[in-house]
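Visitor: Here it is: the structure, laid out below.
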Ligand code: 8YV
C-alpha cells in the first residue's frame, strides 16, 4: 500500500532517527536537502498531505494553496506566527505546535536574562576578559532583583512558569493580558501602561503576530522608565524596536534583556554598542532536553495524524 506523502521542510534532531520514525507511516520528502527546492516542491505538491515545518520556514496562505491535498501542518515550536493558521483552518487543515514541553526552559532563560541584565553579568564578564579588573574604571553598581515588582505581559503557560519562579525572589507580581485569568494567583492589571508604570521589571511573554505587534510602544517603554528593565523572550515584533533603541540610548529606559528581535537574525548595531543591554540569539528553548522533547512532539503529531486522522496538540484558534 502506498503511504501518504509528508513534506519535511527543515532538519529535525538526529536526522536518521527522525526519518526512520516518520517513514513508519509516510513517504517523506526532505525538502531542504533538494538542490532545487522549487522543482522538488513542484514534483510532489499534488500528493503532500502533511507538512513538517517551523519558524525558519514560514507557511503563508500562498504555500498552503499550492498543496491541494494538504490536511495537517505540524510545526516545531510553540509560537505559530509564521503560519497562516486562519487560512489553514478555513481549508479544513489541522495545525499543531509543540506547547508545554519548552515552558521550563524558556522560563529558566527569562530569569537568566533578568539576572544578567539587572546585575550586569554580561558586562562584568566582558570587563574581566578584557583585563580591566584592577586596571580599568570601576564597574557601575547594579540593580537589586529580590523584592522588586515584576510585571508580566501575557500569562500563558510560559508566563505562569516565569511568575512561579518569582516567588523565590520574593517579588510582587502582576500581569496584563487580553483578559483576566480567574485561576491565576496574581493580580490582573487591565492597562499595559499602568503595569509598566508600576513595574521595576517587565517581561514580554505574549504571543507574536499581528494582534500583538508593537504592543510595547514608546509610551509603554517610557512608563517603565529610566530605572526599568524590559525583558523579551517571546517575539521581537511585540516591541517597537526603534522606540526601544531610542529609549535605551537616551536613558528613558534603564536596561533591556532580549532573546528575540524584530528581524532575526539581524540585531540593530546600535544595541550591540550598549552595555545596559543583554543580547541572546533566540535560545529560550535551546537545551538538549527541551529540543529533543520538541522534536519528539512534532513527530508524535505527524504520526498521530497518519494513524488517527487527528494531530495531538492542535492550535484551536
Ligand atoms: C523556536 C520558539 O521554535 O517555540 C517557539 O515558539 O520561539 C522557539 O522555541 C526555536 O527557537 C526554533 O526556532
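In our numbering, the protein residues as written are 474 to 790.
No residue lacks a Cβ here, since even glycine has one placed at the ideal position from N, Cα and C.
All figures in this text were calculated on a predicted structure; none of them were measured in a lab.
Cβ-heavy atom distance between residue 751 and the ligand 8YV below 7 Å?
Guide: Result no, Cβ not under 7 Å from the ligand 8YV.
Visitor: To the nearest angstrom, how far is the alpha carbon of residue 583 from that of residue 726?
Guide: Going by the C-alpha atoms only, they are around 19 Å apart.
Visitor: Is it the case that the CB of residue 447 approaches a heavy atom of the ligand 8YV more closely than 7 Å?
Guide: This structure cannot speak to residue 447, because the chain is shown only from 474 to 790.
Visitor: Taking the straight line between their C-alpha atoms, what separation do you get for residue 764 and residue 616?
Guide: Distance between the alpha carbons of residue 764 and residue 616 is about 33 Å.
Visitor: Counting only the same chain and skipping the five closest in sequence on each side, list residues whose C-beta sits under 7 Å from that of residue 492.
Guide: Around residue 492: 501.
Visitor: Heavy atom of the ligand 8YV less than 7 Å from the Cβ of residue 551, yes or no?
Guide: Correct: residue 551 has its Cβ closer than 7 Å to the ligand 8YV.
Visitor: Which of the three DSSP states, helix, strand or coil, is assigned to residue 536?
Guide: Reduced to three states, the DSSP call for residue 536 is helix.
Visitor: Evaluate contact between the segment 662-672 and the segment 713-725, counting only Cβ atoms and requiring at least three cross-stretch pairs below 8 Å.
Guide: Contact fails: fewer than three Cβ-Cβ distances are below 8 Å.
Visitor: Should the segment 740-751 be regarded as contacting the segment 521-530, the criterion being three or more beta carbon pairs within less than 8 Å?
Guide: Not touching, per the Cβ criterion.
Visitor: If the criterion is Cβ atoms closer than 8 Å, does the pair residue 712 and residue 689 meet it?
Guide: The answer is yes: Cβ separation under 8 Å.
Visitor: Going by DSSP in three states, residue 563 sits in which element: helix, strand or coil?
Guide: In the structure shown, residue 563 sits in a helix (DSSP, three-state: H, G or I).
Visitor: Can you give me the C-alpha to C-alpha distance between residue 740 and residue 710, rounded to a whole angstrom?
Guide: Spanning the two alpha carbons is a distance of roughly 13 Å.
Visitor: Is DSSP giving residue 736 helix, strand or coil here?
Guide: If DSSP states are grouped into helix, strand and coil, residue 736 belongs with the strands.
Visitor: Assuming residue 567 contacts residue 544 under a Cβ cut-off of 8 Å, what Cβ separation, rounded to an integer in Å, is found between them?
Guide: Going by Cβ atoms, the distance from residue 567 to residue 544 rounds to 7 Å, so yes, they are a contact pair.
Visitor: With three or more C-beta pairs closer than 8 Å as the rule, is the segment 548-557 touching the segment 590-606?
Guide: Taking 8 Å as the limit for Cβ pairs, the verdict is that the segment 548-557 does not touch the segment 590-606.
Visitor: Can you tell which of 708, 762 and 784 has its C-alpha closest to the C-alpha of residue 555?
Guide: Looking at the Cα atoms, 708 is the closest of the given residues.
Visitor: Run the CB neighbour count on residue 757, radius 10 Å, all protein chains shown included, and call it buried at 16 or more, exposed below.
Guide: The residue is buried, with at least 16 neighbouring Cβ atoms inside 10 Å.
Visitor: Is residue 730 closer than 8 Å to residue 571 when the C-beta atoms are compared?
Guide: Contact flag unset, no.
Visitor: In the structure shown, what three-state DSSP assignment does residue 593 receive?
Guide: Coil, per DSSP.
Visitor: Would you call the segment 510-523 in contact with the segment 557-565, where contact means no fewer than 3 C-beta pairs closer than 8 Å?
Guide: They do not touch, by the three-pair rule.
Visitor: Go through the segment 595-644 residue by residue and report every complete run of the alpha helix (DSSP H) that reaches 4 residues or more, in order.
Guide: Here the runs fully enclosed are 630-639.
Visitor: Using only the alpha-carbon positions, how far apart do residue 673 and residue 593 sit?
Guide: Rounded to whole angstroms, residue 673 to residue 593 spans 16 Å at the Cα level.
Visitor: Taking only heavy atoms of the ligand 8YV into account, decide whether any of them is closer than 7 Å to the Cβ of residue 527.
Guide: Result yes, Cβ under 7 Å from the ligand 8YV.
Visitor: Indicate whether the contact test is met: 3 or more Cβ pairs, each with one atom in the segment 611-626 and one in the segment 638-645, closer than 8 Å.
Guide: Touching, yes.
Visitor: Measuring alpha carbon to alpha carbon, tell me which of 565, 704 and 780 ends up nearest residue 476.
Guide: Looking at the Cα atoms, 780 is the closest of the given residues.
Visitor: Quick one: what does DSSP say residue 685 is sitting in, helix, strand or coil?
Guide: Note: residue 685 maps to helix in three-state DSSP.
Visitor: Got a sec, what are the start and stop residues for the beta strand (DSSP E) residue 530 sits in?
Guide: Taken as a continuous stretch (DSSP letters only), residue 530 belongs to no beta strand (DSSP E), as it is neither H nor E.
Visitor: Assuming residue 776 and residue 481 form a contact by the criterion Cβ under 8 Å, report the distance between their Cβ atoms to the nearest whole angstrom.
Guide: With 8 Å as the limit, residue 776 and residue 481 do not qualify as a contact, their Cβ atoms being about 13 Å apart.
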